[in-house]
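Just so you know, the sequence shown maps onto residues -2 to 515 in this note's numbering.
Even for Gly, the Cβ is constructed at its ideal location relative to N, Cα and C.
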Amino acid sequence: MKARTPLLVGLVLIAATLSLVYFLTQGSNDKIADKDAYVLYADFSDASGIRTKTRVQVNGLDIGRIDTIEHRQDEKTGRILARVKLRISKKYSIYENALIKKVAESLLGDFRLELDPGTFAYRKLEPEEVIANVQSTSDLEAIQSELRQVASNVNRVTDSVAKVLAGPEGEGAMRQILASVERSVIAVEQTTYAVRQTVTSNQAMVNQMIADVHRFTNTLSDVSGREGEIRKITGNLAQLTDRLNTLAGKLSEGEGGGDMEATVKNLRETTENLASVTRKIDDGEGTIGRVVNDNELIDSVQDTADSLNSVLGPIGRLQTMVELRTEYIVPFRSNSPYLDSGVRASLGIRLIPRPDKYYLIEAVSDVRGDQSRRQISREFRDGRTGELIRSEIEDTVDTNFRALKFSAQFAKRYYFATLRFGIIENTGGIGVNFHALKDKLELRVDAFDFTRRQNDDVSQVLNPRVRATSFAQVFPHLFVQAGIDDPFNGDLRAWFLGAAMRFTDEDLKGILPFAPRP
């Protein structure tokens, strides 16, 4: 075992080095030869963030790269522009209405060129021609400009509100409006009370009048062809006139007249107050008047809402995938002193900004536990003189079987393989995924925990932990898995079986309405 350890460590390091070299060469290798490409040009007013060999993409896939960037003075305007020489694969045709623009790949200032090749309705560009439609400002720069515009609009809104409310004029106008509204409410209450009292005191007469009018209208509807009833109608009209005269006499003698006069007066005051309030609003006086008549303030609020919508819109395009995995681990050696059978469970979240890369955050509960190393220093001194006799340093390894372990990785896909690196279960590590049959079959290999120690002998460094897992999709979202864990350490070698479930954020939107609620 001890003689074989250096050899295994060396093999793992060689494999890791070869993987890294392959990764770097594939990432920097130019996949488009000169004989398979043709040259086009594009003039940018701002070429910051792009450089030679910057990728040119259509729908996120590479179709070319930048050869050179040099200054060129426009013959018509005299402006100095950055002429970018593009090398485009001959597989793709670019048309006269094509559009090319800068696209930010991250917040660190990295850019690529996104090309819309145009449509068949326009003329095909020949080699050495210039793409006319160029957008020099990137989406990130546009967002920053929008944020500055939002801040400006917010300042304008706050200034307008401060001007309306600040100072004695604004305060006085607000008090005047409130006083007018209060007087109007009191006048309306008095008017309704007076009308109610008047109707109540003359209820019998009013009811009789309503009944007479009802009979009168019924009679008029039957007048045609009923000449014999005209006299009856005339009699009813006479009775109605007498009753109206009686009511007028009572009002002239003072019965209910005071209430009616007060009612008319209150209605007049109410009308005057409402007219005053309306006039002030039309003239732009007070808070309400300025809000209603200040078109600049309304436009500022609308611009603010539009700016916020344009800033928050790209966030909605980020796709999220949730992965749940459970597996049962069985040691190859049934009597292994370091490993027992048990369950390993994990919850992972993938943040996918583009189809060919993602960020993985994962929490793992492992039957192996979380190993931590600590050193204990001891000093032995003479009991009488206090002089140091000797000192010892003891290394110990503690294992917490209840601790959660976390992973945070960046993944980039190249054709059928996805390369990963970052933190794997609290230690540095690398990994690779191989895909087949439209991702229905997958082989995942991880290498991590390169400095493990034996629990009962901390001087013994274990081989790096390697785990290979195969996945097969049996139903949508459901995978079965099997694999081998830690094959290079005999007492810790184990095999496992389990299942995994994967859901995207769109799947979760369809599930959540039916999920139980407390």
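First and last residue of the uninterrupted beta strand (DSSP E) at residue i
i      : result
His474 : It is not in any beta strand (DSSP E) - His474 carries neither H nor E in the DSSP assignment.
Pro124 : No beta strand (DSSP E) holds Pro124; DSSP gives it neither H nor E.
Gly61  : Leu58 to Gln70
Asp526 : As displayed, the chain neither begins before -2 nor continues past 515, which places residue 526 out of reach and without an answer.
Glu359 : Lys354 to Ser362
Pro334 : Counting along the chain, Pro334 falls outside any beta strand (DSSP E), and DSSP gives it neither H nor E.
Arg365 : Run containing Arg365: none; DSSP gives neither H nor E here.
Glu40  : Residue identity check: residue 40 is Asp in the sequence provided, not Glu. Unbroken beta strand (DSSP E) run through Asp40: Ala34 to Phe41.
Arg80  : Ile77 to Ser86
Pro328 : Gln316 to Pro328
Arg52  : Arg52 to Val55
Leu96  : Leu96 to Ala101
Under the three-state DSSP convention, the category residue i falls into
i       : result
Thr415  : strand
Gly495  : strand
Met(-2) : Low confidence applies to Met(-2): its pLDDT is 49, below 50, so where it sits in the model is not reliable enough to give any reading.
Ile47   : coil
Tyr19   : helix
Ile278  : helix
Gly487  : helix
Gly339  : strand
Phe117  : coil
Ile91   : coil
Lys437  : coil
Arg347  : strand
Ser404  : strand
Gly232  : helix
Leu130  : One detail in the question is off: residue 130 reads as Asn in this sequence, not Leu. Of the three classes helix, strand and coil, the one that applies to Asn130 here is strand, per DSSP.
Thr267  : helix
Arg464  : strand
Arg449  : coil
Lys73   : coil
Asn199  : coil
Thr238  : helix
Leu10   : helix
Gly383  : coil
Under 8 Å between C-beta atoms of residue i and residue j
i      : j      : result
Glu93  : Leu112 : no
Arg80  : Arg69  : yes
Phe409 : Glu422 : Looking at the sequence itself, residue 409 is Lys, so the reference to Phe does not match. No, these two residues do not count as a Cβ contact at 8 Å.
Phe485 : Gln478 : no
Lys82  : Tyr38  : yes
Ile60  : Ser90  : no
Thr74  : Asp64  : no
Ile427 : Arg417 : yes
Val131 : Asp71  : no
Asp209 : Asn233 : yes
Val274 : Val178 : yes
Ser404 : Leu357 : yes
Pro124 : Ala95  : no
Ile97  : Ile77  : no
Met206 : Arg172 : no
Best match in the options for proximity to residue i [C-alpha to C-alpha]
i      : options                           : result
Asp353 : Ser404, Val327 and Ala414         : Ala414
Gly487 : Val6, Tyr335 and Asp31            : Tyr335
Glu186 : Leu264, Tyr19, Gly232 and Arg490  : Leu264
Asp483 : Arg84, Pro473, Asp446 and Leu475  : Asp446
Gln299 : Arg153, Asn270 and Asn430         : Arg153
Asp303 : Ala184, Leu237, Arg212 and Asn150 : Asn150
Val429 : Arg449, Gln406, Gly380 and Arg450 : Gln406
Glu102 : Tyr355, Lys229, Ile128 and Arg145 : Tyr355
Pro473 : Leu438, Leu489, Gln451 and Tyr19  : Leu438
Phe108 : Asp43, Arg347 and Phe476          : Asp43
Thr424 : Leu344, Arg490, Arg449 and Tyr411 : Arg449
Gly345 : Tyr325, Thr501, Glu293 and Gln451 : Thr501
Phe493 : Glu324, Arg76, Ile278 and Gly115  : Glu324
Glu266 : Gln236, Val18 and Val182          : Val182
Ile543 : Ile47, Arg76 and Asn56            : One cannot answer for residue 543 here, as it falls past the ends of the chain, which runs -2 to 515.
Ala342 : Pro350, Gln316, Thr134 and Ala400 : Ala400
Glu126 : Arg84, Leu110 and Ala118          : Arg84
Leu144 : Arg351, Gln457 and Thr301         : Thr301
Thr189 : Lys262, Phe476, Arg490 and Ser45  : Lys262
Residue-chain proximity (residue i, chain C), Cβ-Cβ < 8 Å
i      : result
Arg212 : Chain labels in this structure do not include chain C; a single protein chain is all it has.
request  = Could you tell me whether the segment 33 to 45 touches the segment 424 to 437, using the rule of 3 or more Cβ pairs below 8 Å?
outcome  = no
Are the segment 489 to 501 and the segment 318 to 329 touching, with three or more C-beta to C-beta distances below 8 Å? yes
Contact between the segment 359 to 366 and the segment 329 to 343: three or more CB pairs below 8 Å? yes
Pair every Cβ in the segment 379 to 389 with every Cβ in the segment 324 to 334, then say whether three or more of these pairs are closer than 8 Å. no
inquiry  = Check whether the segment 459 to 467 and the segment 3 to 18 touch, using three or more Cβ-Cβ pairs below 8 Å as the test.
reply    = yes
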